[in-house]
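Student: Please read through the structure below; I'll follow up with questions.
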Amino acid sequence: MQISYKKLWIMLAEREMSKAELRKAAGIAPATFTKLRRNQEVALSVLLKIADVLDCDAADMMSFVKDNDPVDWAEPSE
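In the numbering used here, the protein residues as written are 2 to 79.
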């Protein structure tokens, strides 16, 4: 299984919030935010901070994708 944060980037675009604004508001280190942008695993505490800032649930931010399913990993542009 792989993780996709595409839902998070779409949510930010819909709320007209930049990635930098989210990172600062949630108090996330730049290296950790890079992991999010690369669809890598991050600690649950990071997801909780983001969920608190955006007032959403983990399922609103991410999804799990089977390794053999084709996925469009591109982030929406800011």
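Beta carbons are placed, not taken as given, at the ideal position from N, Cα and C, and that holds for glycine.
Can you tell me where the alpha helix (DSSP H) holding Ile54 begins and where it ends?
Tutor: Per the sequence presented here, residue 54 reads as Val, with Ile not at that position. Run containing Val54: Leu45 to Leu55, per the alpha helix (DSSP H) assignment.
Student: Between Lys50 and Val43, which are expected to be in contact by the criterion C-beta below 8 angstroms, what is the C-beta distance as a whole number of angstroms?
Tutor: For Lys50 against Val43, the beta-carbon gap comes to about 10 angstroms, at or over 8 angstroms, which does not count as contact.
Student: Applying the 10 Å Cβ sphere with the 16-neighbour rule, what's the burial state of Arg24?
Tutor: buried
Student: Which residues in the same chain as Ala59 place their Cβ atom closer than 7 angstroms to its Cβ, once the five residues preceding and following it in sequence are excluded?
Tutor: Leu48 and Ala52
Student: Beta-carbon within less than 8 angstroms of Ala21's beta-carbon, same chain only, minus the 5 sequence neighbours each way: which residues are those?
Tutor: none
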